[in-house]
């Protein structure tokens with residue numbers, strides 16, 4: 001049951017991304033400034049593309065690296081359109097990065113278009129419309145394609161392609177994250193109240209209740225219409241509530257003291273890129289010795305191997321590119337015209 005619940009981790013990623021990226025774009029707006037698209041896309045490009053392109057090259061040119069043969073054309077990876085009509089093959093987990101890249105494209109333009117024109121009630125209505133629209137779209141697609149299918153019929157293979165991987169199906173978590181960012185940026189007093197004390201505890205209870213409901217649905221009604229319509233919003237709201245509960249100073253200090261948390265946060269992107277191929281390599285190496293995928297040695301060996309691979313990618317590619325980003329940002333800032341001194 002809990003293994004089947006593992007898919008929700010990517011929704012936590014989308015909630016966090018909506019919160020962090022939304023904060024970056026909304027903080028200048030709260031000061032009456034215009035967010036710099038040049039700076040935003042410079043930061044995102046040098047954070048994401050170098051490591052992604054290195055791992056993509058491994059998948060495309062080193063067949064032994066891939067956990068499965070890569071059948072998706074390279075241009076689909078390079079244009080971040082791989083998540084539409086996705087077939088499970090090598091590097092298929094990059095679908096979530098496609099969703100993220102679409103978010104990077106749309107959110108800055110939306111912020112610029114609505115800057116100064118949107119008040120809190122309108123923002124809430126817009127967010128509700130996005131989430132309700134996603135629910136209706138998923139429900140409509142389910143009714144059109146899957147309502148007449150019996151268990152085990154081959155038509156279910158299209159379920160994930162239509163209702164799990166495409167960007168239009170994964171806006172719930174990003175929307176919840178952006179809403180939290182707007183609350184923190186534009187209503188800091190309210191944010192402080194809801195991330196401290198008893199209210200933070202209440203948010204934790206709400207979050208766990210939402211996730212518990214999805215856990216039950218996932219076990220009993222996977223791919224049913226009700227699950228298809230409500231699971232993603234429930235997971236997103238649950239993780240958003242937990243994020244608020246953990247965002248207060250006390251909870252943040254406790255989390256920061258957990259050994260390895262900061263290191264894993266730094267390595268999270270390189271772990272994401274490398275984990276499937278590396279774990280597959282460890283399983284293939286240990287299987288002839290009688291150790292299957294769930295053997296303790298396989299699990300621990302895979303974890304260590306992923307950590308080493310992600311460290312190598314971080315220090316060899318990601319970190320140098322982040323240092324380059326800092327230099328380019330300083331150069332960009334120094335090239336801006338300075339206001340005249342009277």
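Numbering (the UniProt record's numbering), first residue to last: 1 to 342.
Virtual Cβ for every residue (Gly too), placed ideally from N, Cα, C.
Runs of the alpha helix (DSSP H) lying entirely within the stretch 256-333, each at least 4 residues long, are 261-286 and 296-313 in chain order.
Distance from the CA atom of residue 149 to the CA atom of residue 228, rounded to whole angstroms, is 15 Å. Distance between residue 80 and residue 68, taken at the CA atoms: about 19 Å. Looking from the CA of residue 275, the closest CA among 289, 247, 312 and 165 belongs to 312.
Counting along the chain, residue 145 sits inside the alpha helix (DSSP H) bounded by residues 120-145. Between residue 60 and the set 30, 42, 247 and 92, the nearest pair of CA atoms involves 92.
With contacts defined as CB atoms closer than 8 Å, residue 239 and residue 134 fail to qualify as a contacting pair. Going by C-alpha positions, residue 98 is about 31 Å away from residue 195. A contact between stretches requires three or more CB pairs, one per stretch, nearer than 8 Å, and the stretch 315-329 meets this requirement with the stretch 46-65. For residue 102, the enclosing alpha helix (DSSP H) covers residues 95-114.
Rounded to the nearest angstrom, the gap between the Cα atoms of residue 87 and residue 151 is 21 Å.
Selection 273, 264 and 305 evaluated against residue 282 yields 305 as nearest (Cα-Cα). Taking one beta carbon from each stretch, the stretch 100-111 and the stretch 191-209 have fewer than 3 pairs nearer than 8 Å; the two do not touch. With 16 or more neighbouring CB atoms inside 10 Å of its own CB, residue 279 falls in the buried class.
Taking all protein chains in view, the Cβ of residue 254 is surrounded by fewer than 16 other Cβ atoms within 10 Å, so the residue is classified as exposed.
A Cβ-Cβ distance of about 7 Å is found for the pair residue 184 and residue 23, placing them in contact under the 8 Å criterion.
Across the structure, residue 40 and residue 330 are spaced so that their CA atoms are roughly 14 Å apart. Apart from the 5 residues on each side of it in sequence, residue 176 sits with its Cβ closer than 7 Å to the Cβ of 15, 18, 236, 237 and 240 in its chain, given in chain order.
Contact between residue 56 and residue 77 is confirmed by a C-beta separation of about 5 Å, below the 8 Å threshold. The beta carbons of residue 214 and residue 234 sit about 5 Å from each other, so the pair counts as a contact at 8 Å. Rounded to whole angstroms, the separation of the alpha carbons of residue 117 and residue 32 is 13 Å. One Cα belongs to residue 296, the other to residue 154, and the distance between them is close to 34 Å. In the displayed model, residue 247 falls within coil according to three-state DSSP, outside both helix and strand.
Inter-residue distance for residue 216 and residue 42 is about 42 Å (C-alpha atoms, whole angstroms). In the structure shown, residue 80 falls within a coil segment according to DSSP collapsed to helix, strand and coil. With 16 or more neighbouring CB atoms inside 10 Å of its own CB, residue 166 falls in the buried class.
At the C-beta level, residue 179 and residue 125 stay beyond 8 Å of one another.
In this chain, the alpha helix (DSSP H) harbouring residue 190 covers 188-194.
Here residue 70 has 59, 60, 89, 90 and 91 as same chain residues with Cβ atoms under 7 Å from its own Cβ, once five neighbours each way along the sequence are excluded. Non-local beta-carbon contacts of residue 181 in its own chain, meaning distances under 6 Å to residues more than five positions away in sequence, involve 19, 22, 23 and 26 in chain order. Sequence-distant Cβ neighbours of residue 161 in its own chain, meaning closer than 7 Å and more than five residues away, are 85 and 86. Residue 91 sits in coil when the DSSP states are folded into three classes, being neither helix nor strand. The Cβ atoms of residue 332 and residue 38 lie closer than 8 Å to each other.
The C-beta distance from residue 163 to residue 141 rounds to 6 Å, short enough to fall under 8 Å.
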